[in-house]
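Asker:
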């Protein structure tokens with residue numbers, strides 16, 4: 090047998106095989122590390138699984154202390170921090186604070202994402218717990234998936250406990266914030282808190298301007314005179330100005346407290362005369378040591394009591410004066426509602442239209458100012474009919490005309506306390522036994538008033554003291570207007586002038602020309618004729634009747650047209666005032682006949 094030949098492999102192939110072997114070992118180690126990493130993250134306090142049967146190398150044993158060291162790095166270092174509880178109260182600020190605290194705790198604990206929802210759900214108590222369970226049941230009934238992510242759970246919580254208008258309300262508070270009775274420190278705290286809630290991104294100059302607009306003017310005016318660059322500079326200046334003003338205020342109060350203060354609660358105290366010695370006793374005292382001697386030094390004289398031996402500041406004859414506060418006269422004027430907004434008054438004229446019943450027209454002389462000698466008159470509308478109204482303070486009752494009640498068919502009731510009136514008719518009393526509730530309107534103003542039914546022709550509705558008292562009216566004598574407040578609106582009733590009517594002639598006869606003129610102006614006319622039926626009375630003898638029937642075509646009752654007028658009716662004419670007689674032969678008269686006609 091021939092001897093073996095020692096064949097050697099190339100060095101390059103050997104190196105390649107060694108490298109491939111090392112790469113395979115590294116891949117196995119990496120695979121084992123990836124399999125163990127989730128267990129290490131979820132169970133931080135657990136050691137290596139003793140039931141693990143995979144072969145481990147020396148490198149794995151060297152890596153285990155490093156893994157334990159990394160586990161300790163994720164530990165909370167002995168600080169006990171737990172998730173806060175939430176009871177489900179509808180307090181938006183409390184919920185936002187709880188939500189922010191939960192997120193900070195989750196970030197510190199590094200809790201896995203698949204366990205956050207379960208941990209937070211455990212911290213929901215009372216109403217919040219009931220709401221969460223109900224939400225899970227409703228989603229299960231609707232076929233929706235379970236909530237397993239913290240982002241989804243947070244959206245559901247925010248939808249439940251944060252109203253839609255929360256941001257708008259916070260922004261309104263932020264823009265309308267005023268210091269008022271708050272201190273500067275409290276105002277700064279409230280301002281910064283609202284600013285953080287709104288999360289507004291704006292230039293710092295805008296924030297400073299918004300802050301100064303809410304400060305008290307006495308502080309803001311001083312701060313604006315000082316140089317500042319940032320918001321912190323403005324807040325520091327505001328605090329300094331407030332401290333300075335408080336010091337000056339305390340100093341002023343301290344100085345005022347040293348002055349004598351008169352107690353205002355002392356009342357009805359009589360003046361007490363001075364209890365000091367009289368002037369005679371002062372003058373009867375022995376001479377002072379300054380007066381004894383050679384008399385070169387003059388004695389001191391008091392300018393109050395004219396005594397010697399003392400000065401005015403040390404005068405023993407002082408008079409004690411006690412100041413008494415006089416009681417204020419209580420105003421007995423009726424209270425006026427100050428909550429009525431100051432709006433422009435509404436001026437209302439009387440209604441226009443034909444009156445319900447024509448009143449007696451008086452021919453009055455025109456004066457320079459009709460308001461001077463006129464009572465307040467206006468017009469109102471009752472059941473679509475225009476009626477006259479008089480407002481008179483001299484009437485103790487509200488009165489409605491009986492003819493108005495009759496024409497409009499208003500409902501009446503028995504008067505609870507009937508009485509007699511004697512001022513409407515002379516030497517006769519009218520018994521008032523009925524009442525009527527009248528609904529009337531004057532322009533946009535509508536009201537109803539309880540009136541006594543009285544036969545009168547001065548007006549249709551008389552508003553007296555009861556209506557004026559209920560409305561709180563104010564009468565202006567110059568303009569003759571009544572003003573009052575109705576439904577938080579100022580109403581001013583304007584008077585209606587009396588229409589002057591000229592006296593008409595007693596006759597209602599129109600000439601032909603005047604009739605045509607009136608018809609053209611009115612463009613329509615209505616002719617009413619009143620005719621009296623007079624049956625013919627023929628007293629004809631029986632012997633003549635056959636003759637009249639035989640010649641009835643000759644003996645006609647009316648003349649045919651075209652024949653001249655008879656002589657006995659030639660002077661029959663229409664004697665209409667201001668008419669001109671036609672120049673015709675039939676109308677020509679002698680002078681004596683003219684005098685007869687006149």
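Numbering (the numbering used here), first residue to last: 90 to 687. Idealized CB from N, CA, C, for every residue including glycine. Values in this document were obtained by computation on a predicted structure and should not be read as measured data.
At which residues does the alpha helix (DSSP H) containing residue 611 begin and terminate?
Answerer: Translated into positions along the chain shown, residue 611 becomes position 522. Segment 601 to 611, the alpha helix (DSSP H) holding residue 611.
Asker: Quick check: what's the CA-CA separation for residue 623 versus residue 617?
Answerer: Taking the first residue of the chain shown as 1, we reach residue 623 at position 534. Taking the first residue of the chain shown as 1, we reach residue 617 at position 528. The alpha-carbon atoms of residue 623 and residue 617 are separated by roughly 19 angstroms.
Asker: Helix, strand or coil: how does DSSP classify residue 250 here?
Answerer: Looking up residue 250 in the chain shown gives position 161. Three-state result, residue 250: helix.
Asker: Tell me the DSSP secondary structure of residue 184 in three-state form.
Answerer: Here residue 184 is taken as the residue at index 95 of the chain shown, counted from 1. Note: residue 184 maps to helix in three-state DSSP.
Asker: Are the CB atoms of residue 502 and residue 525 within a distance shorter than 9 angstroms?
Answerer: Translated into positions along the chain shown, residue 525 becomes position 436. Translated into positions along the chain shown, residue 502 becomes position 413. In contact: residue 525 and residue 502 (Cβ atoms closer than 9 angstroms).
Asker: According to the Cβ coordinates, are residue 214 and residue 176 closer than 9 angstroms?
Answerer: Mapped onto the chain shown, residue 214 falls at position 125. Mapped onto the chain shown, residue 176 falls at position 87. Yes, they are a contact pair.
Asker: Can you check DSSP and say which residues form a bridge with residue 530?
Answerer: By one-based count along the chain shown, residue 530 stands at place 441. Residue 530 pairs with 470, 535.
Asker: When the Cα atoms are used, what is the spatial distance from residue 523 to residue 608?
Answerer: Taking the chain shown and counting its residues from 1, one reaches residue 523 at position 434. Taking the chain shown and counting its residues from 1, one reaches residue 608 at position 519. Going by the C-alpha atoms only, they are around 47 angstroms apart.
Asker: Quick check on the burial criterion: 16 or more other C-beta atoms within 10 angstroms. Buried or exposed for residue 254?
Answerer: Looking up residue 254 in the chain shown gives position 165. So residue 254 counts as exposed.
Asker: Could you round the C-beta distance between residue 437 and residue 581 to whole angstroms and report it? I think they count as a contact, below 8 angstroms.
Answerer: Indexing the chain shown from 1 puts residue 437 at position 348. Indexing the chain shown from 1 puts residue 581 at position 492. Between residue 581 and residue 437 the Cβ distance is about 7 angstroms, and since that is below 8 angstroms, they are a contact.
Asker: Taking its Cβ as the centre, do 16 or more other Cβ atoms sit within 10 Å of residue 685, making it buried, or is it exposed?
Answerer: In the chain shown, residue 685 corresponds to position 596, counting from 1. Label assigned to residue 685: exposed.
Asker: DSSP on residue 306, reduced to helix/strand/coil?
Answerer: Looking up residue 306 in the chain shown gives position 217. Note: residue 306 maps to helix in three-state DSSP.
Asker: Could you please give the first and the last residue of the uninterrupted alpha helix (DSSP H) stretch that includes residue 44?
Answerer: Here the chain covers residues 90 to 687 and nothing more, so residue 44 does not appear.
Asker: Quick one, which of 544, 509, 638, 242 has its alpha-carbon nearest residue 191's?
Answerer: Sequence index remark: in the chain shown, residue 191 carries index 102 (1-based). It is 242 whose Cα lies nearest to the Cα of residue 191.
Asker: Give the range of the beta strand (DSSP E) segment to which residue 502 is assigned.
Answerer: Here the question's residue 502 lines up with position 413 in the chain shown. Its beta strand (DSSP E) spans residues 501 to 510.
Asker: Given residue 543, which residues of its chain have a CB within under 8 angstroms of its CB, disregarding the five upstream and five downstream residues?
Answerer: Here residue 543 refers to the residue found at position 454 of the chain shown. Same-chain partners within the cutoff: 488, 489, 490, 491, 510, 513, 519, 521.
Asker: Nearest-angstrom Cα distance between residue 504 and residue 527?
Answerer: In the chain shown, residue 504 corresponds to position 415, counting from 1. In the chain shown, residue 527 corresponds to position 438, counting from 1. Approximately 15 angstroms, taken between the alpha carbons.
Asker: Can you check DSSP and say which residues form a bridge with residue 543?
Answerer: Residue numbering aside, residue 543 sits at position 454 when the chain shown is read from its first letter. Per DSSP, 490.
Asker: Any idea what DSSP makes of residue 397, helix, strand or coil?
Answerer: Taking the chain shown and counting its residues from 1, one reaches residue 397 at position 308. Correct three-state label for residue 397: strand.
Asker: According to DSSP, simplified to helix, strand and coil, what is residue 575?
Answerer: Along the chain shown, read from residue 1 onward, the residue named residue 575 stands at position 486. Of the three classes helix, strand and coil, the one that applies to residue 575 here is strand, per DSSP.
Asker: Report the three-state DSSP secondary structure of residue 523 (helix, strand or coil).
Answerer: Taking the chain shown and counting its residues from 1, the one referred to as residue 523 is at position 434. In the structure shown, residue 523 sits in a strand (DSSP, three-state: E or B).
Asker: Give me, in chain order, the residues of the same chain whose beta-carbon lies closer than 7 angstroms to that of residue 694; leave out the 5 immediate sequence neighbours on both sides.
Answerer: Outside the shown range of the chain, which is 90 to 687, sits residue 694, and nothing can be said about it.
Asker: Measure the alpha-carbon distance for residue 305 versus residue 332 and round it to whole angstroms.
Answerer: As a working note, residue 305 is residue 216 in the chain shown. As a working note, residue 332 is residue 243 in the chain shown. Their Cα atoms are separated by approximately 14 angstroms.
Asker: Residue 175 by DSSP, collapsed to three states: which one?
Answerer: By 1-based counting over the chain shown, the position of residue 175 is 86. Looking at residue 175 - three-state DSSP - the assignment turns out to be strand.
Asker: Rounding to the nearest angstrom, what Cα-Cα distance links residue 619 and residue 604 in this structure?
Answerer: Counted from its first residue, the chain shown places residue 619 at position 530. Counted from its first residue, the chain shown places residue 604 at position 515. Roughly 18 angstroms between the two C-alpha positions.
Asker: Please classify residue 436: does DSSP put it in a helix, a strand, or coil?
Answerer: Numbered from 1 along the chain shown, position 347 holds the residue referred to as residue 436. Strand.
Asker: Measuring straight from C-alpha to C-alpha, what distance separates residue 606 and residue 614?
Answerer: By 1-based counting over the chain shown, the position of residue 606 is 517. By 1-based counting over the chain shown, the position of residue 614 is 525. Between residue 606 and residue 614, the C-alpha separation is close to 11 angstroms.
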